[in-house]
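According to our numbering, the sequence shown is numbered sequentially starting from 14. Step one of this worksheet: look at the structure below.
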Amino acid sequence: MFSNICRCISPSSYSPRAEEAAVGAAAAADNTIASYIVNVDSVQFSPPVTTRPLVKATTQADPEAGPSRLMPIASKHGPEPIQQLIAPQPTRISLTKAVYHGSLGLVAELLKTEAATINITNRKGMNALGIAAYKNHLKILGQLLQVPDIDVNAPNHLGITALSLAAYANHAEALQTLLRVPGIKPNQANDEGETPLSLAAYAGHVNIVDQLLQTPGIDANTVNNIGLTALMWAVSRGHLQIVESLLGSPGIDFNTQDQCGNTGLMLASFLELGDIVDRLLSQPEIDVNAANIKGNTALIIAATLGHEEIVEKLRQVAGINFDATTVSGDTALSRARKKGHLGIVHALNLGSMPAGFGTNGPE
């Protein structure tokens with residue numbers, strides 16, 4: 014009889030103590046209890062088998078102390094205690110998990126008893142408000158914002174706030190909801206120095222950028238850890254509309270240099286973004302001769318890379334310095350000559366870009 018019982022035990026969840034309990038039940042000729050013990054592992058439960066009371070009772074007994082605690086239960090009592098032990102236990106749902114899954118009713122219930130944990134991060138470093146903003150669960154976002162102790166500026170493990178998450182994820186309504194909260198900090202940066210505005214500019218979300226630029230107290234000139242502004246991110250990603258929006262913001266600094274000394278104009282020249290170069294050159298105070306730490310100007314960069322169209326735009330700017338020299342002693346002309354960009358050499362020598370004269374000579 015015992016051999017037949019043991020064949021019912023699932024190998025994946027087999028426990029010597031469970032076998033021992035089955036032996037005790039079989040020895041007591043109580044096949045009903047024995048069947049409860051051995052058949053439970055053929056059923057899928059949540060949480061996993063290792064957390065069920067049956068396994069805890071069979072595995073926590075001291076192996077040196079003799080029979081399992083289940084043996085006397087199996088031998089002397091009816092099936093009810095065993096049924097209770099093998100019953101699946103309810104899994105506790107955390108507030109952050111309920112928010113993640115958009116469970117509006119469950120969030121409401123949890124807030125009745127767990128409001129004090131609202132700002133606590135989960136194992137992945139996320140808090141409830143940040144999750145709601147990123148997942149765009151607007152009703153839950155409203156629920157959370159009604160909790161008196163909510164910290165609307167609480168960052169996650171990377172220093173990213175709910176506002177930044179909404180901005181980066183392009184959730185305009187969530188962003189607007191958060192911006193209306195008293196005490197919101199629209200310029201709060203993450204661990205890398207990125208603000209909601211710079212993240213939106215990087216991601217190319219024009220509407221979000223426009224929303225943020227209309228926010229009282231917004232600082233469009235904040236720099237990140239390597240000296241990049243929202244404008245420089247927009248330039249480097251080729252987001253023309255966002256560049257235009259930022260250039261229209263009062264007090265925008267379009268001559269900011271990053272930690273290597275590069276400006277937005279240099280980045281646009283390097284990437285050969287003609288339309289963005291035009292927008293930047295239309296700014297009266299643009300510093301067309303700014304140089305980076307290696308002495309490269311926008312003109313030298315464009316000439317070195319053979320960007321004829323950009324060179325033509327730059328050379329027409331009043332006050333352009335054709336003789337600017339890099340730390341290695343090169344000018345735009347000498348670089349173009351070394352690289353074999355004959356069309357640019359001709360333009361810099363004669364002051365114009367001849368039609369039909371390409372980088373490698375006449376076409």
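Beta carbons: idealized from backbone N, C-alpha and C, even for Gly.
In whole angstroms, what is the alpha-carbon distance linking residue i and residue j?
i: Thr134; j: Thr174; result: 12 angstroms
i: Gln227; j: Ala167; result: 23 angstroms
i: Ser249; j: Phe283; result: 9 angstroms
i: Asp232; j: Leu192; result: 14 angstroms
i: Glu205; j: Ile106; result: 32 angstroms
i: His150; j: Lys137; result: 19 angstroms
i: Lys326; j: Asn275; result: 19 angstroms
i: Val330; j: Asn203; result: 38 angstroms
i: Leu178; j: Leu212; result: 9 angstroms
i: Leu154; j: Thr269; result: 37 angstroms
What residue range does the alpha helix (DSSP H) around residue i cover?
i: Ala303; result: Segment: none, Ala303 is in no alpha helix (DSSP H) and carries neither H nor E.
i: Leu318; result: Ala311 to Leu318
i: Met139; result: Segment: none, Met139 is in no alpha helix (DSSP H) and carries neither H nor E.
i: Ile163; result: Here Ile163 belongs to no alpha helix (DSSP H), and DSSP marks it neither H nor E.
i: Asp288; result: Gly287 to Leu294
i: Val256; result: Leu253 to Leu260
Looking only at its own chain, which residues have a Cβ that is under 6 angstroms from the Cβ of residue i, when we skip the five neighbours before and after it?
i: Asp164; result: Asn132
i: Asp288; result: Leu253
i: His320; result: Glu285
Roughly how far, in whole angstroms, is the beta-carbon of residue i from the beta-carbon of residue j, given that I think they are within contact range, below 8 angstroms?
i: Pro199; j: Leu171; result: That pair is no contact at about 18 angstroms.
i: Asn237; j: Glu207; result: 5 angstroms
i: Val160; j: Ala128; result: 5 angstroms
i: Lys148; j: Gly196; result: No, Lys148 and Gly196 are not in contact; Cβ-Cβ is about 23 angstroms, not under 8 angstroms.
i: Leu157; j: Ala141; result: 6 angstroms
Excluding the 5 residues flanking residue i on each side, which residues of the same chain have their C-beta closer than 7 angstroms to its C-beta?
i: Ile255; result: Ala214, Gly217, Val219, Val222 and Ala247
i: Lys152; result: Leu117
i: Ala281; result: Val248, Ile289, Val290 and Leu293
i: Met139; result: Thr109 and Asn169
i: Phe267; result: Leu244, Leu260, Gly277, Leu293, Gln296 and Ile299
Which class does residue i belong to by DSSP, given the choice of helix, strand or coil?
i: Ala74; result: With a pLDDT of only 44 at Ala74, under the threshold of 50, the placement of this residue in the model should not be trusted; the figure read from the coordinates follows. In the structure shown, Ala74 sits in coil (DSSP, three-state: anything other than H, G, I, E or B).
i: Ala233; result: coil
i: Phe267; result: coil
i: Thr126; result: helix
i: Glu325; result: helix
i: Val358; result: helix
Less than 8 angstroms between C-beta atoms, sequence neighbours within five positions excluded: which residues of the same chain meet that for residue i?
i: Leu346; result: Ala316, Phe335, Val358, Leu361 and Asn362
i: Thr310; result: Met279, Val301, Asn302, Ala303, Ala304, Asn334, Ala337 and Ala345
i: Asp271; result: Val236, Ile239, Gly240, Leu241 and Met245
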